[in-house]
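Numbering (my numbering), first residue to last: 130 to 218.
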Amino acid sequence: MVPRATPPAPRAIRLALLDALTAGAGLGYLAHQYREALVANLAPIGLGLLLTLALGYVLRSAIRALHHANRRVDAILAEELRKPSPRPR
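Dropping the structure here:
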């Protein structure tokens with residue numbers, strides 16, 4: 130039987146919503162204050178965000194590949210350690 134995940138506490142949900150509201154309000158304030166700069170530099174900002182997301186995706190893929198390789202090496206080493214020694218002692 131698979132254990133069920135416990136639902137998050139109502140307090141945690143309220144805090145997450147409050148954090149999202151605070152971050153949204155802060156970003157809205159900054160966008161209002163720097164509206165001209167945002168409109169004038171929209172292409173570089175968009176390209177910067179795109180490159181940042183691409184870099185995050187590449188890092189995530191590299192980390193997953195390294196974890197997978199590490200598991201394979203661990204399995205190979207565990208199998209080799211289970212084998213008896215070729216020379217008698």
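Note that beta-carbon positions come from the ideal geometry of N, C-alpha and C, so glycine has one too.
Check, Outcome
"Is A198 helix, strand or coil by DSSP?", "helix"
"Identify the continuous alpha helix (DSSP H) that holds P139 and give its terminal residues.", "P139 to Q162"
"Would you please state the rounded distance, in angstroms, between the beta carbons of L171 and A160? I believe it to be under 8 angstroms.", "That pair is no contact at about 12 angstroms."
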